[in-house]
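Worksheet for the structure shown next.
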Amino acid sequence: MNPFSSGTRLRDMIRAIRACKTAAEERGVVRKECASIRSAISENDNDYRHRNLAKLMFIHMLGYPTHFGQMECLKLIASPGFPEKRIGYLGLMLLLDERQEAALCTVRIIRKVPDLAENFINSAAALLKEKHHGVLLTGVQLCTDMSKVSTEALEYFKKKSIDGLVKVLKDLANSPYAPEYDIAGITDPLLHIRLLKLLRVLGQGDADSSDAMNDILAQCVATIMSIEDNGGLRVLAINILGRFLSSRDNNIRYVALNMLMKAISLDSQAVQRHRVTILECVKDSDASIRKRALELVYLLVNESNVKSLTKELVDYLEVSDQEFKEDLTAKICSIVEKFSPDKLWYIDQMLKVLPEAGNYVKDDVWHALIVVITNAPNLHGYTVRSLYKAVQTADEQEPLVRVAVWCIGEYGELLVRNSGVLDVEDPITVTESEAVDVVEAAIGLILQI
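In terms of this note's numbering, the sequence shown opens at residue 363 and continues consecutively.
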C-alpha cells in the first residue's frame, strides 16, 4: 500500500512522522499526507473519511494548517453510525477556530460603527501573532480597517506591531512551498497583499514607521535585481537604494552599498547617478561604511569620470583617518594607473598622493612612477621641479623622498637650468648647492627612517 494513500492508518502516519530526522523531512511527510487527504475529500471517499479526519487532528496538533478538512467534521456528524459521529464532534472541537469567525464579525462591526474600534485594539494586535492562517488573515484585515477609522488604533499598531508584521512578511517570503496557499507558484499572495496594505497604512506620513519597513523595500529591490526586466523597474530599485544611502541607520546604508555593487553589472549608468551620495559615504565615520563605499567608487570609475572622482578621493586623503589611509591610497593609485588619460595627469596625481599618503604607498607604486617619468622626456624638467619643491616639506615620507632623490640625481641639470618649463608651472631658480643641500637632507631623512 502507498504509505501516503488515503487508506493509510493513523499509527502508520505517526510512525512515519516520528521517524523523520529533520524538520524539513517532517514537513515533506505531512505535505504528502495532506495532499492524499485532499484528494480523498474531492473524491467524496466515505470509507476512509473518519480515518482521514483522525489523521488531520494529529496533523493539527503538530501545528500544521488543516482548515480544508473542516467540512468533513460536519459530514461525519451527519453520519448514522456512532463512531463516525464521535470522530466528527471531536474534529469539530479541534479544527474549527472560533477566533477567525470572531475576527470577521469584528471587521463588520467596525465598518458599521467605527467608534467601537477602540474596544478591540489589544485583541486585534494579538491576532497578528497567530500561527493559524485564517485567524492571521482576518486579523490583518481587522487591524487595517481599525487603523483607517481610529487614530488611537493607528498609533498603537505603529508602536507595537510593525516589527512583527515585517517579520511575518519576511518569513512568508522565505517559507517553503505550501500547496494549500499557492497560487500560480506564489506562496499565499492574498496574505502578502493584506500585510502590505496594512504596512502601507501604518507607514503613511510617519518617517519612523517607514524606516522600520525598509527591510521590505530591500527584499523588493533584491527581487527586481534577480528577475528579467526591461530596465524600468531596475532603475526604480536603484533609486530606492540611493535613498537608503541617506538613512540614519548604518545597517541600511551598508545593505544599500552591497546591493549597488551587484547592480553595477546590470545597470552601471543608473548607479552612476548616485555617485555624489556614494562619495559622501566614503567620508563616513563608520569604518565598514567607508570601506564598502570606497570599493563601490572604485567600480564606478571609468574614462569619463576618472578626473572628478580622483580629485574627490585625493582631497579626502588629506583629512582621512590613519587606519583608512592605506586602503584609500591603494585604491587611488590603482585608479590613476588604470584610467590615466595622459602621463602629465598621472604624474600630477601621484605627486599629490606621495606627500599625503606617506609610507602607505607600496614599493611597486613608486617604482611604476619612476618608469613613467623615465619614459616621458618632455616632462623631466616639470617633474624634477615639482619633486624638488615637494621633498623640502617631506616628513618621514620615504617613498616621496626616494623618488625625489632619484629624480634630482637623474635630471638635476634640468632643475638648475630651469629647462623644459610647461605653461602650467611657474619657473623657479635653483642653484647647484641648493639642490645638493636638499638631496643631502633627504638622504639623511631616509637614514633616520
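Where is the CB? At the ideal position from N, CA and C, for every residue including glycine.
> In angstroms, rounded to a whole number, what distance separates the CA positions of residue 732 and residue 667?
Replying inline: A direct Cα-Cα distance of roughly 26 Å separates residue 732 from residue 667.
> Exposed or buried, what is residue 714 when buried is set at 16 or more other beta-carbons lying within 10 Å of its beta-carbon?
Replying inline: Residue environment analysis places residue 714 among the buried positions, since at least 16 neighbouring C-beta atoms fall within 10 angstroms of its C-beta.
>> Which residue wins for smallest C-alpha separation from residue 629, given the options 662, 607, 653, 640?
In response: The shortest C-alpha separation from residue 629 is found at 662.
>> Below 8 Å on the Cβ atoms is my contact criterion, and I expect residue 614 with residue 576 to pass it. Report the Cβ-Cβ distance as a whole number of Å.
In response: The pair is a contact, with the Cβ atoms about 5 Å apart (cut-off 8 Å).
> What are the uninterrupted segments assigned as alpha helix (DSSP H) that are 4 or more residues long and contained completely in the segment 635-676, given in chain order?
Replying inline: Segments of the alpha helix (DSSP H) lying fully in the segment 635-676: 637-644, 649-662.
> How many Å lie between residue 778 and residue 800 at the Cα?
Replying inline: CA-to-CA, the gap between residue 778 and residue 800 works out to about 13 Å.
> When the Cα atoms are used, what is the spatial distance from residue 383 to residue 391?
Replying inline: In this structure, the CA atom of residue 383 is about 11 Å from the CA atom of residue 391.
> How would you write the range of the alpha helix (DSSP H) that residue 383 sits in, first residue to last?
Replying inline: Taken as a continuous stretch (DSSP letters only), residue 383 belongs to no alpha helix (DSSP H), as it is neither H nor E.
> Once you ignore the five residues that flank residue 724 on each side, which residues in its own chain have a CB closer than 8 Å to its CB?
Replying inline: Same-chain partners within the cutoff: 692, 695.
> What's the gap between the Cα of residue 379 and the Cα of residue 388?
Replying inline: Rounded to whole angstroms, the gap between the alpha carbons of residue 379 and residue 388 is 6 Å.
>> Going by DSSP in three states, residue 544 sits in which element: helix, strand or coil?
In response: Residue state, collapsed to three classes: strand.
> Whose C-beta lies closer than 7 Å to the C-beta of residue 789 among residues of the same chain, with five residues either side of it excluded?
Replying inline: A distance below 7 Å between beta-carbons, with the five flanking residues on each side excluded, links residue 789 to the following residues of its chain, in chain order: 780, 783.
> What first and last residue would you give for the alpha helix (DSSP H) that runs through residue 742?
Replying inline: Where residue 742 is concerned, the enclosing alpha helix (DSSP H) stretches over 742-753.
>> Below 6 Å, is the gap between the Cβ of residue 394 and the nearest heavy atom of the ligand NAD?
In response: As presented, the structure is devoid of all ligands, the ligand NAD included, so that no description of it is given.
> Taking the alpha-carbon positions, what's the residue 608 to residue 769 distance?
Replying inline: CA-CA distance, residue 608 to residue 769, rounds to 46 Å.
> Is it buried or exposed for residue 451, if we count other Cβ within 10 angstroms and need 16 for buried?
Replying inline: A residue is called buried when at least 16 other Cβ atoms come within 10 angstroms of its Cβ; residue 451 does not meet this threshold and is exposed.
> Alpha carbon to alpha carbon, what distance is there between residue 684 and residue 531?
Replying inline: Rounded to the nearest angstrom, the two C-alpha atoms are 43 Å apart.
>> For a test of the three-state rule: what should DSSP assign to residue 377, helix, strand or coil?
In response: In the three-state DSSP reduction, residue 377 falls in the helix class (H, G or I).
>> Which residues does DSSP list as the beta-bridge partners of residue 549?
In response: According to DSSP, which records beta bridges pairwise, residue 549 is partnered with 544.
> Quick check: the segment 553-563 against the segment 591-605, are there 3 or more CB pairs under 8 Å?
Replying inline: No, they do not touch.
> By Cβ distance below 8 Å, which residues in the same chain neighbour residue 660 in space, the five residues on each side in sequence not counted?
Replying inline: For residue 660, where only same-chain residues beyond five positions count, the Cβ hits under 8 Å are 693, 696, 697.
>> Assuming the contact rule is C-beta atoms closer than 8 Å, residue 706 and residue 741 should be a hit. Round their C-beta distance to whole Å, please.
In response: Rounded, the Cβ-Cβ distance is 6 Å, consistent with contact.
> Can you check whether the CB of residue 412 is closer than 7 Å to the CB of residue 376?
Replying inline: No, the Cβ-Cβ distance between residue 376 and residue 412 is not below 7 Å.
> Which same chain residues, not among the five before or five after residue 374, have their C-beta less than 6 Å away from its C-beta?
Replying inline: Excluding residues within five positions, none has a Cβ falling inside 6 Å.
>> On a Cα-Cα basis, can you pick out the residue from 669, 687, 626, 550 that is closest to residue 701?
In response: With distances taken between Cα atoms, residue 701 lies closest to 669.
> With 16 as the cutoff for other CB atoms within 10 Å, does residue 486 come out buried or exposed?
Replying inline: Residue 486 should be labelled buried.
> Which two residues bound the contiguous alpha helix (DSSP H) that contains residue 495?
Replying inline: Per DSSP, residue 495 belongs to the alpha helix (DSSP H) from 495-511.
>> So the candidates are 481, 675, 396; which of them puts its Cα closest to the Cα of residue 638?
In response: Measuring C-alpha to C-alpha distances from residue 638 to each of 481, 675, 396 identifies 675 as the nearest.
>> If you measure between the beta carbons of residue 765 and residue 728, is that distance less than 7 Å?
In response: At a Cβ-Cβ threshold of 7 Å, residue 765 and residue 728 count as neighbours.
> Going by C-alpha distance, which of 745, 414, 718 is nearest residue 757?
Replying inline: Taking only the C-alpha atoms, the option nearest residue 757 is 718.
>> Check whether the segment 433-445 and the segment 467-481 are in contact - that is, three or more C-beta pairs closer than 8 Å.
In response: Segments in contact, no.
> Mapping DSSP to helix, strand and coil, what is residue 607?
Replying inline: Residue 607 falls in the coil class under three-state DSSP.
> How is residue 791 classed by DSSP in three states: helix, strand or coil?
Replying inline: For residue 791, the secondary structure class from DSSP, reduced to helix, strand or coil, is coil.
> Span of the alpha helix (DSSP H) holding residue 490?
Replying inline: First-last for residue 490: undefined, no H or E at that position.
> What is the residue span of the alpha helix (DSSP H) that residue 426 lies within?
Replying inline: Neither: residue 426 is in no alpha helix (DSSP H) and is coded neither H nor E.
>> According to DSSP, is residue 626 part of a helix, a strand, or is it coil?
In response: The answer is coil: DSSP assigns residue 626 none of H, G, I, E or B.
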